[in-house]
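Asker: So the sequence shown is numbered by the numbering used here: it starts at 146 and just counts up by one.
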Amino acid sequence: MQNVVAIKEKLSQTVHQTCASALVETLVELGVDSVFGYPGASVLSIYNELSKENRITHYLARHEQAAIHAAEGYARTSGKVGVVLVTSGPGFTNTLTGIVNAYTDSTPLVILAGDVSVQDKSYKIFQRVDIEALASSCAKKTYLVKKSDDIKSVIKNAFEKADSGVKGPVVVALPRNILETEYRKRFCKKSVSVQFNYNYYFDKFSELINKAEKPIVLVGGGCTNSSEEIQKFVSKLNCPVVSTLMGIGNFPTKKENYLGMIGINGAYTANAALNHSDLIIAMGVAFSDRSTCKNINFGKKTKIISINLNKISKDFLLEINCDIKDFLKKFDYKNIIEKNRPQWLSQVESIKAENTKYIIKENNNLHSSFVLKTLSEYTKKYEPIVVTDVGQHQMLTAQFFEFNKPRKFITSGGLGTMGFGLPAAIGAHIANPDNLILNITGDGSFQMNLQELATCREHNIPIKIIIMNNGYLGMVRQMQEKIYHNNYQVEMTNPDFTKIAEAYDLFAIRVTRKNELLSALQKAIAYNGTAIVDIMIDSFENI
Numbered sequence: 146m147q148n149v150v151a152i153k154e155k156l157s158q159t160v161h162q163t164c165a166s167a168l169v170e171t172l173v174e175l176g177v178d179s180v181f182g183y184p185g186a187s188v189l190s191i192y193n194e195l196s197k198e199n200r201i202t203h204y205l206a207r208h209e210q211a212a213i214h215a216a217e218g219y220a221r222t223s224g225k226v227g228v229v230l231v232t233s234g235p236g237f238t239n240t241l242t243g244i245v246n247a248y249t250d251s252t253p254l255v256i257l258a259g260d261v262s263v264q265d266k267s268y269k270i271f272q273r274v275d276i277e278a279l280a281s282s283c284a285k286k287t288y289l290v291k292k293s294d295d296i297k298s299v300i301k302n303a304f305e306k307a308d309s310g311v312k313g314p315v316v317v318a319l320p321r322n323i324l325e326t327e328y329r330k331r332f333c334k335k336s337v338s339v340q341f342n343y344n345y346y347f348d349k350f351s352e353l354i355n356k357a358e359k360p361i362v363l364v365g366g367g368c369t370n371s372s373e374e375i376q377k378f379v380s381k382l383n384c385p386v387v388s389t390l391m392g393i394g395n396f397p398t399k400k401e402n403y404l405g406m407i408g409i410n411g412a413y414t415a416n417a418a419l420n421h422s423d424l425i426i427a428m429g430v431a432f433s434d435r436s437t438c439k440n441i442n443f444g445k446k447t448k449i450i451s452i453n454l455n456k457i458s459k460d461f462l463l464e465i466n467c468d469i470k471d472f473l474k475k476f477d478y479k480n481i482i483e484k485n486r487p488q489w490l491s492q493v494e495s496i497k498a499e500n501t502k503y504i505i506k507e508n509n510n511l512h513s514s515f516v517l518k519t520l521s522e523y524t525k526k527y528e529p530i531v532v533t534d535v536g537q538h539q540m541l542t543a544q545f546f547e548f549n550k551p552r553k554f555i556t557s558g559g560l561g562t563m564g565f566g567l568p569a570a571i572g573a574h575i576a577n578p579d580n581l582i583l584n585i586t587g588d589g590s591f592q593m594n595l596q597e598l599a600t601c602r603e604h605n606i607p608i609k610i611i612i613m614n615n616g617y618l619g620m621v622r623q624m625q626e627k628i629y630h631n632n633y634q635v636e637m638t639n640p641d642f643t644k645i646a647e648a649y650d651l652f653a654i655r656v657t658r659k660n661e662l663l664s665a666l667q668k669a670i671a672y673n674g675t676a677i678v679d680i681m682i683d684s685f686e687n688i
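#1: Which one of S223, K349, Q492, Y183 has the shortest CA to CA distance from I555?
#2: Under 8 Å between the Cβ atoms of A427 and G365?
#3: Would you kindly report the start and end of the unbroken beta strand (DSSP E) that includes L205?
#4: Check whether the Cβ atoms of L319 and V290 sit closer than 8 Å, and answer yes or no.
#5: To the nearest angstrom, report how far apart T689 and M637 are at their CA atoms.
#6: Could you give the distance in angstroms between the alpha-carbon of N631 and the alpha-carbon of G558?
#7: Compute the Euclidean distance between the alpha carbons of L598 and I571, then round it to the nearest angstrom.
#8: If you draw a straight line from the alpha carbon of K381 to that of K312, how long is it in whole angstroms?
#9: DSSP has G227 in a bridge; who is on the other side?
#10: Exposed or buried, which one is S233 when buried takes at least 16 other CB atoms within 10 Å?
#11: So the beta strand (DSSP E) I469 belongs to, where does it begin and stop?
#12: By Cβ distance, which residues of its chain are closer than 6 Å to R321, with the 5 residues on each side in sequence left out?
#13: For my contact list, I682 and I611 are in at a C-beta cut-off of 8 Å; report their separation, rounded to the angstrom.
#14: Rounded to whole angstroms, what is the Cα-Cα separation between E696 and N420?
#15: For G408, I'd like the list of residues in its chain whose CB is within less than 6 Å of its CB, leaving aside the five on either flank, ordered along the chain.
#16: Spatial neighbours of N455 within its chain, please: C-beta separation below 6 Å, excluding the five flanking residues on both sides.
#17: I need the boundaries of the beta strand (DSSP E) containing E464, first residue and last residue.
#18: Would V231 and A212 qualify as a contact pair, given that the criterion is a beta-carbon distance under 8 Å?
#19: On the criterion of 16 or more Cβ atoms from any shown chain inside 10 Å, does H161 qualify as buried, or is it exposed?
#20: Please specify which runs of the alpha helix (DSSP H), each continuous and at least 4 residues long, are wholly inside the segment 173 to 215, giving them in chain order.
#21: CA-CA distance, S166 and F341?
#22: Between the alpha carbons of P397 and P551, how many angstroms are there, rounded?
#23: Could you please give the first and the last residue of the uninterrupted alpha helix (DSSP H) stretch that includes G536?
#24: With distances taken from CA atoms, which of L517, V317, N549, K526 is nearest Q537?
#25: Rounded to whole angstroms, what's the CA-CA distance from T163 to D348? Just pull it up for me.
#26: Using CA coordinates, which residue listed in T238, Q592, P607 is at the minimum distance from D641?
#27: Can you list, in chain order, the residues of its chain with a C-beta nearer than 6 Å to that of A247? Leave out the 5 residues immediately preceding and following it.
#28: Please state whether the Cβ-Cβ distance between G392 and C368 is less than 8 Å.
#29: Spatial neighbours of Y220 within its chain, please: CB distance less than 7 Å, with the 5 preceding and 5 following residues excluded, ordered by chain position.
#30: I need the straight-line Cα distance from Y503 to I450, nearest angstrom please.
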């Protein structure tokens, strides 16, 4: 009799389960532990269900764009899919910059976007926007949940889509009335995967490598999961390695083979070696204009092999569109002829000797180069995750810090979004609570999303914010100086960042002289909570 009662109770609960409840249940099944969001009327049914679920923590951002960046930081440092929950209308439109950022940097996100009720779409309605139309150009895929859909299957498909192939953001539009209705399970077709024929490419790949006298490996952002395989490959070839901005850390920068970052703001050694090579083996590289220095003839004088999930160019001698990790794991190294290539290695050493790498200026002024070198040396023992914003500090961090593991250098590469750093650092901490998280930012970038200091205070998030405060939008000023004869519109009248920190009840310290820097860093890192180090640097330093 008791069993019958229990079954009836279970059936009763199942019958009355809402789609919102089924959605949250699916998130739990998928292993989601963190959701970044901002509530509103259209998604209150989901928030109501989240309040009953102790296996998922909701982090209230102070702006929807920041919620996306926080989810990006979480995803890029954990390898999981980041989850964002926002309401309809401006709640969704505020996410668009973040969605584009995630799309250009191939970051797996699922954005759960509240929508107005289906029956309200035939006329003008409060907070109604066309989510599908807006997201079509900047999301990997968009789903609009309909009455005929099984919401559990839609959510599972969204996660699979975000985290497979070339990863990226997926938007799920959730009409309010559907979320509040009874959940019904429906039959859904399963996707069929297509097998890649690796063997077809192995012979040509080996042949090109064996013929090369000056091979070089170019590592990009698509290699995050392939670091060990790439290190093995490089050790077999004994060749130099360079990286794009997004590829930093996917090959250890401390290794002797590593020459640095290529591109417009790259290292002289890396760019010169790339130009002298006769075979570029590019792995997970998008060949953006910043990496190729906007040179339409890039690679015309050399052979290029590209291994990438995305199709890049018909001009490559060999293009292999597959997973890099799987390709290198299946590759038979017996097909490679061992070569010492002494002339090439000697030429690389000569290029190193010519290196015009940044010189630390020895005077009383604080320069970014000095600050970042000091910061790098002091925090090396912690193996920090470094999250940057966009600008001069971003490029100098790429040059001066040592990154020997993937997912340690997090930056906005494809879109160059100012304001990315602080919320992304929050997400990085949530995914890696035992790791030191540094947010290296500029005074301009910091002010784009400084409201997220409230999120830091609310959750006692112990990130360390290093503000390179030069009173200018430094990268833009540098371009205006070189191209437009010092015609500036970028001088900034900044607030007192230490007083802003005080308003949020956070620790802050200002540095104006060299001899104050190390002590300030020690205090900030030792502090149990969010700490801001406001460093007044030379306003006219160029990179």
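All residues carry an ideal CB built from backbone N, CA and C; glycine is no exception.
Answerer: In terms of the structure at hand:
#1: The residue given as residue 555 occupies position 410 in the sequence shown. Ranking the options by Cα distance to I555, first place goes to S223.
#2: If you number the sequence shown from 1, residue 427 lands on position 282. If you number the sequence shown from 1, residue 365 lands on position 220. A contact, by the Cβ cut-off of 8 Å.
#3: Translated into positions along the sequence shown, residue 205 becomes position 60. In the DSSP annotation of this structure, the continuous segment of the beta strand (DSSP E) that includes L205 starts and ends at 202 to 205.
#4: Within the sequence shown, residue 319 is the residue found at index 174, counting from 1. Within the sequence shown, residue 290 is the residue found at index 145, counting from 1. In this structure, V290 lies closer than 8 Å to L319 by Cβ.
#5: Outside the shown range of the chain (146 to 688) lies residue 689, about which nothing can therefore be said.
#6: What you label residue 631 is simply residue 486 of the sequence shown in a count that begins at 1. What you label residue 558 is simply residue 413 of the sequence shown in a count that begins at 1. The alpha-carbon of N631 is positioned some 27 Å away from that of G558.
#7: The residue given as residue 598 occupies position 453 in the sequence shown. The residue given as residue 571 occupies position 426 in the sequence shown. Looking at the two C-alpha atoms, the distance is approximately 10 Å.
#8: Indexing the sequence shown from 1 puts residue 381 at position 236. Indexing the sequence shown from 1 puts residue 312 at position 167. Answer to the nearest angstrom: the Cα atoms are 29 Å apart.
#9: Here residue 227 corresponds to residue number 82 of the sequence shown, with the count starting at 1. Its beta-bridge partners are L254.
#10: Residue numbering aside, residue 233 sits at position 88 when the sequence shown is read from its first letter. Buried is the call here.
#11: Taking the first residue of the sequence shown as 1, we reach residue 469 at position 324. Not the beta strand (DSSP E): I469 falls in the alpha helix (DSSP H), residues 469 to 475.
#12: Taking the sequence shown and counting its residues from 1, the one referred to as residue 321 is at position 176. Only S187, S262 meet the Cβ criterion.
#13: Here the question's residue 682 lines up with position 537 in the sequence shown. Here the question's residue 611 lines up with position 466 in the sequence shown. Not really, about 11 Å apart at Cβ, beyond 8 Å.
#14: There is simply no residue 696 to check, as the chain begins at 146 and stops at 688 in what is shown.
#15: Sequence index remark: in the sequence shown, residue 408 carries index 263 (1-based). Excluding sequence neighbours, G408 sits near R435, S436.
#16: Locating residue 455 in the sequence shown gives position 310, where the first residue counts as 1. Within the same chain, N455 has close Cβ partners V311.
#17: Taking the first residue of the sequence shown as 1, we reach residue 464 at position 319. Looking at the DSSP string, the run of the beta strand (DSSP E) that includes E464 is 463 to 465.
#18: Taking the sequence shown and counting its residues from 1, one reaches residue 231 at position 86. Taking the sequence shown and counting its residues from 1, one reaches residue 212 at position 67. A contact, by the Cβ cut-off of 8 Å.
#19: To locate residue 161, count along the sequence shown from 1; it is residue 16. Looking at its Cβ environment, which holds fewer than 16 other Cβ atoms inside 10 Å, H161 is exposed.
#20: Segments of the alpha helix (DSSP H) lying fully in the segment 173 to 215: 189 to 195.
#21: Along the sequence shown, read from residue 1 onward, the residue named residue 166 stands at position 21. Along the sequence shown, read from residue 1 onward, the residue named residue 341 stands at position 196. Answer to the nearest angstrom: the Cα atoms are 38 Å apart.
#22: As a working mapping, residue 397 is identified with position 252 in the sequence shown. As a working mapping, residue 551 is identified with position 406 in the sequence shown. Their Cα atoms are separated by approximately 8 Å.
#23: As a working mapping, residue 536 is identified with position 391 in the sequence shown. That residue, G536, is in no alpha helix (DSSP H); it is neither H nor E in DSSP.
#24: Walking along the sequence shown from the start, residue 537 turns up at place 392. Selected option, being the one with the closest Cα: L517.
#25: Numbered from its first residue, the sequence shown carries residue 163 at position 18. Numbered from its first residue, the sequence shown carries residue 348 at position 203. So the two alpha carbons sit approximately 55 Å from each other.
#26: What you label residue 641 is simply residue 496 of the sequence shown in a count that begins at 1. For D641, the closest C-alpha among the options T238, Q592, P607 is that of Q592.
#27: Taking the sequence shown and counting its residues from 1, one reaches residue 247 at position 102. Hits under 6 Å: E217, L254, P314.
#28: The count along the sequence shown starts at 1 and reaches residue 392 at position 247. The count along the sequence shown starts at 1 and reaches residue 368 at position 223. It is a contact, given that the beta carbons lie within the stated cut-off.
#29: For this step, residue 220 is matched to residue 75 along the sequence shown. It is Ala, not Tyr, that sits at residue 220 in the sequence shown. So the list reads V226, G227, T252, P253, L254, once near-sequence residues are dropped.
#30: By one-based count along the sequence shown, residue 503 stands at place 358. By one-based count along the sequence shown, residue 450 stands at place 305. In this prediction, Y503 scores a pLDDT of 48, lower than 50, which makes its location untrustworthy; the coordinate-derived value is nonetheless stated afterwards. Approximately 31 Å between the Cα atoms of the pair.
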